[in-house]
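Student: Structure provided below as structure tokens; questions to follow.
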Amino acid sequence: MPLTKLTFRPGLNRETTSYSNEGGWYDGDKIRFRFGVPEKIGGWQKASDSTYTGSARALHTFTSLAGAIYTGIGTHLKYYLLVGEQYKDITPVRKTSTTDNIFAAANGSSTITVTDNAHGAVQNDFVTFASAASLGGNITAAVLNQEYQIDAITSANVYTITAKDTSGDTVTANSSDTGNGGTSTTAAYQVNVGLDTVVYNVGWGTDTWGRDTYGSDGELGVLSTMRLWTHDNFGEDLIYNVRNGGIFYWDTSARAATFSRGIPIAELTSADGAAPTVAKQVMISDRDRHIIAFGCDAETSLGTQDPLLIRFSDQGSAITWAATATNTAGDIQLSTGSEIITAVETRQQILVFTDVSLHAMQFLGPPFTFGVSMISENITIMGPNTAKAVDDAVFWMGVEDFYVYDGRVQKLPCSVRSYVFNDFNLAQKDKTFAGLNSTFNEMWWFYPSKNSTECDKYVVYNYQEQAWTFGSLSRTAWLDRGILDNPLSTADGYAYYHELGLDDGSTSPPSAIQAHVESSQIDIADGNEFVFLNKVVPDLTFEGSTSTAPKATFTLKSRNAPGGSYLKSDAETVTQSQAESTTVVEQFTEQAFVRLRGRSFALRVASTDTETQWRLGFPRVNIRPDGRK
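In this note's numbering, the protein residues as written are 36 to 664.
Okay, structure coming up:
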């Protein structure tokens with residue numbers, strides 16, 4: 036019998052059975068499709084050996100006029116700028132108080148009690164003390180005058196911290212620590228920390244301990260959302276916003292030297308006093324340089340959030356928000372939905388998603404500045420970070436489908452839809468996020484699987500080849516290449532550059548990325564005949580590998596019935612030819628001998644070694660009928 040060439044449709048398919056998907060791919064991990072064939076994805080390396088504090092959910096990169104590159108990282112505890120390999124804390128200050136005699140210590144204890152009336156803090160908030168005096172013993176001025184994370188809230192006026200030295204080691208008070216810190220201690224409170232997960236309150240004690248004042252109840256049936264940030268650059272300056280919180284301004288020229296913290300936009304010099312004080316999202320309209328706040332408070336009722344209100348500053352101004360006949364500041368009230376979920380800017384317009392509808396916002400110029408039109412009232416969106424623009428198209432994940440808007444709203448045909456949505460922890464859906472990998476024309480969505488509280492799975496749509504893949508990878512945020520040479524992601528306190536190297540750089544030394552792709556079942560004569568396989572002629576390239584002997588494993592598996600277990604498998608290792616390894620990357624094992632019998636078979640290609648890159652072509656197998664029994 037002549038050799039049979041194995042050709043497969045690009046993309047994974049889980050919408051049908053493996054048997055009915057003959058000629059397609061059924062399973063895979065850490066692979067992509069390019070030019071119709073599968074290949075192992077690129078590796079990742081740490082952007083810095085340093086770590087940030089908290090769970091990162093937002094990334095944004097911008098440059099100064101001097102050419103410095105800054106990457107904003109918003110976590111549930113802090114907001115950082117990654118500068119080179121250093122994390123600079125620019126979390127805004129919520130309140131600064133100057134108070135006398137605020138500290139109390141007990142002999143033999145590391146707990147310090149702080150009394151500061153109406154502190155407004157919650158458990159895990161950060162506060163920085165200055166100008167405090169020694170308590171007389173081990174609790175010195177150097178111990179007190181630094182940043183602390185609050186351990187517990189005792190009351191609206193009292194909380195506790197754990198004493199530490201400047202290296203972070205715990206300090207225990209002695210009998211001489213009878214002082215109170217002296218007069219005029221300054222306490223600078225950073226914005227209240229957020230949750231790193233979604234919590235559904237169902238009565239007393241459902242929220243984190245100390246989250247509110249002592250003795251307060253959890254509100255019945257109230258959803259406590261996790262901390263999210265939005266951010267954008269206004270020229271070389273940074274505008275950043277705590278979702279359902281304040282809007283802050285970081286002036287690069289004024290603050291980069293010491294990396295001092297951003298300030299509320301309403302407190303900028305010469306601000307007109309009309310800037311929003313609370314918003315769900317902030318954005319800079321690139322075409323016309325307006326600062327836009329979504330789901331914010333009205334000019335006439337500052338402090339009272341309207342989840343469907345959009346406000347915008349005067350053109351090119353961060354300080355002018357009061358609408359007059361001589362400027363372009365103003366507002367728009369959406370009429371459908373209960374809240375704005377997110378907004379995404381394209382080349383021509385801004386798409387605004389509510390919980391039930393999609394709107395297009397366009398710059399018109401004076402006197403109206405912006406106009407809004409309804410696009411659809413029949414869409415869903417999974418969360419605030421699940422939509423991403425590619426030129427004039429916007430892709431997003433809905434609650435049960437994937438969508439694209441490119442002039443009209445369409446559901447994306449998805450060959451892995453059921454596989455993804457049937458393994459989804461909807462209670463943590465706000466953690467889901469979209470990430471563009473433009474180098475490979477891919478839209479990634481990271482999501483929490485059914486048994487996970489964090490994003491541990493991904494699904495990818497190649498919008499050029501209309502091919503879907505999925506796999507396992509824990510990430511919390513993603514940023515496409517642009518100012519940075521490579522995509523950037525976050526996980527476990529580290530930032531990672533992707534498509535860099537061939538391995539998993541989260542370990543030292545780097546570990547192998549275990550990648551595989553597996554076909555659906557193949558038969559002859561519609562399964563009426565048993566088949567016998569005794570040889571496979573591989574076709575793949577190891578181009579890009581840095582190993583001197585890269586290899587992949589070809590596995591053929593057979594079974595006798597579509598719903599039955601695979602009865603036998605035979606695996607052979609395919610290696611690059613040593614004789615030609617430095618010049619001809621397609622020189623590899625000429626043929627591999629196997630011995631399998633069954634009514635159908637499947638092909639699996641996998642790699643488990645470091646420094647290995649592979650791309651599959653069209654392998655051939657020696658296959659012949661072998662009777663009906």
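Here a beta-carbon is modelled for each residue, glycine too, at the ideal position from N, C-alpha and C.
Just so you know, these numbers come straight off a predicted model, no measurement behind them.
1. What does the alpha-carbon distance come out to for the pair residue 39 and residue 648?
2. What first and last residue would you give for the beta strand (DSSP E) that runs through residue 179?
3. According to DSSP, simplified to helix, strand and coil, what is residue 474?
4. Put residue 255 into one of helix, strand or coil per three-state DSSP.
5. Could you tell me the alpha carbon to alpha carbon distance between residue 240 and residue 190, rounded to whole angstroms?
6. So residue 525 and residue 510 are supposed to be a Cβ contact under 8 angstroms. How far apart are they, rounded?
7. Buried or exposed: residue 49, going by 16 or more other Cβ atoms within 10 Å of its Cβ?
8. Helix, strand or coil for residue 67? Go by DSSP, reduced to three states.
9. Report the residue from 115, 393 and 210 whose alpha carbon sits nearest the alpha carbon of residue 430.
10. Would a C-beta distance cut-off of 8 angstroms place residue 157 and residue 137 closer than the cut-off?
11. Using only alpha-carbon positions, find the residue among 659, 321, 404 and 432 that is nearest to residue 461.
12. With a floor of 3 residues, list each beta strand (DSSP E) that falls wholly inside the region 455 to 509, ordered by position along the chain.
13. Please state the DSSP three-state secondary structure of residue 108.
14. With distances taken Cα to Cα, identify the nearest neighbour of residue 312 among 319, 322 and 332.
15. How about the region 553 to 572 and the region 111 to 125: do they share at least three Cβ pairs that are nearer than 8 angstroms?
16. Should residue 399 go down as buried or exposed, given a rule of 16 or more other Cβ atoms within 10 Å for buried?
17. Quick check: the Cα distance between residue 670 and residue 629, rounded to an integer number of angstroms?
18. Return the chain-ordered list of same chain residues with a C-beta closer than 8 angstroms to the C-beta of residue 490, the five sequence neighbours on each side being excluded.
19. Just reading off the beta strand (DSSP E) that residue 324 is part of, what are its end residues?
20. State the Cα-Cα distance for the pair residue 592 and residue 41, rounded to the nearest angstrom.
21. What distance in whole Å lies between the Cβ atoms of residue 475 and residue 67, which are believed to be in contact at a cut-off of 8 angstroms?
22. Which residues in the same chain as residue 152 place their Cβ atom closer than 6 angstroms to its Cβ, once the five residues preceding and following it in sequence are excluded?
23. For residue 382, which residues in the same chain have their Cβ closer than 7 angstroms to its Cβ, ignoring the five residues on either side in sequence?
24. Tell me the DSSP secondary structure of residue 632 in three-state form.
25. Between the Cα of residue 340 and those of 292, 165, 316 and 293, spot the shortest distance and give me the residue it belongs to.
26. From the DSSP output, in three-state form, read off residue 290 for me.
27. Pick out whichever of 529, 518, 639 and 452 has its Cα sitting closest to the Cα of residue 98.
28. Does any residue of chain B bring its CB to less than 8 angstroms from the CB of residue 494?
29. Quick one: what's residue 563 bridged to in DSSP?
30. Would you call the CB atoms of residue 633 and residue 659 closer than 8 angstroms?
31. Is the number of C-beta pairs between the region 61 to 77 and the region 543 to 558 that are closer than 8 angstroms three or more?
32. For residue 271 and residue 344, what's the separation of their Cα atoms in angstroms?
33. Quick check on residue 563: buried or exposed, where buried means 16 or more other Cβ atoms within 10 Å of its Cβ?
34. Is it right to say residue 100 is buried, meaning 16 or more other beta carbons lie within 10 angstroms of its own, or is it exposed?
35. Quick one: measure Cβ to Cβ for residue 502 and residue 37, integer angstroms, because I've assumed they're closer than 8 angstroms.
36. CB-CB under 6 angstroms to residue 222, same chain, minus the five flanking residues each way: which ones, in chain order?
Tutor: Short version:
1. Each residue's alpha carbon lies about 26 angstroms from the other.
2. Where residue 179 is concerned, there is no enclosing beta strand (DSSP E), although the alpha helix (DSSP H) around it starts and stops at 176 to 179.
3. It is helical.
4. Residue confidence for residue 255 is low, a pLDDT of 38 falling below 50, so the modelled location carries little weight; the figure read from the coordinates is stated next. Coil.
5. Low local confidence applies: a pLDDT of 48 at residue 240 is under 50, so the model's placement there is unreliable, and no value is given.
6. In this structure residue 525 is in contact with residue 510, their Cβ atoms being roughly 7 angstroms apart against a cut-off of 8 angstroms.
7. Counting Cβ neighbours within 10 Å, residue 49 comes out buried, since at least 16 surround it.
8. Correct three-state label for residue 67: strand.
9. Comparing C-alpha distances from residue 430 to each of 115, 393 and 210 shows the shortest one belongs to 393.
10. Remark: C-beta atoms of residue 157 and residue 137 do not approach each other more closely than 8 angstroms.
11. That would be 432, whose Cα lies nearest to the Cα of residue 461.
12. Within the region 455 to 509, the complete beta strand (DSSP E) runs of at least 3 residues are 468 to 472, 477 to 482, 492 to 497 and 502 to 507.
13. Three-state DSSP puts residue 108 in a strand.
14. Answer by Cα proximity: 332.
15. Touching, no, given that fewer than three Cβ pairs across the two stretches are closer than 8 angstroms.
16. Residue 399 is exposed by the Cβ-count criterion.
17. This structure cannot speak to residue 670, because the chain is shown only from 36 to 664.
18. Setting aside the 5 residues that flank it on each side, residue 490 is surrounded in the same chain by 466, 467, 468, 481, 482, 483, 509, 510 and 511, each with a C-beta closer than 8 angstroms to its C-beta; the list follows chain order.
19. Secondary structure note for residue 324: it is in no beta strand (DSSP E), with a DSSP letter that is neither H nor E.
20. Roughly 14 angstroms separates the two Cα atoms.
21. That belief holds up - the Cβ atoms of residue 67 and residue 475 are roughly 6 angstroms apart, short of 8 angstroms.
22. Counting only Cβ-Cβ distances below 6 angstroms, and skipping sequence neighbours, we find 192.
23. Setting aside the 5 residues that flank it on each side, residue 382 is surrounded in the same chain by 426 and 427, each with a C-beta closer than 7 angstroms to its C-beta; the list follows chain order.
24. DSSP places residue 632 within a strand segment (E or B) once states are collapsed to three.
25. Looking from the CA of residue 340, the closest CA among 292, 165, 316 and 293 belongs to 316.
26. Looking at residue 290 - three-state DSSP - the assignment turns out to be helix.
27. Its Cα nearest to that of residue 98, the residue 518 stands out among 529, 518, 639 and 452.
28. Looking at the structure shown, chain B is missing, and only one protein chain is on hand.
29. Answer is none; residue 563 lacks a bridge partner.
30. The answer is no: Cβ separation not under 8 angstroms.
31. A contact between stretches requires three or more CB pairs, one per stretch, nearer than 8 angstroms, and the region 61 to 77 meets this requirement with the region 543 to 558.
32. One alpha carbon belongs to residue 271, the other to residue 344, and they sit about 27 angstroms apart.
33. It is exposed - the Cβ of residue 563 has fewer than 16 other Cβ atoms within 10 Å.
34. Around the beta carbon of residue 100, fewer than 16 other beta carbons sit within 10 angstroms, so the residue counts as exposed.
35. Contact between residue 502 and residue 37 does not hold, since the beta-carbon distance rounds to 30 angstroms and is not under 8 angstroms.
36. For residue 222, where only same-chain residues beyond five positions count, the Cβ hits under 6 angstroms are 132, 151, 162 and 164.
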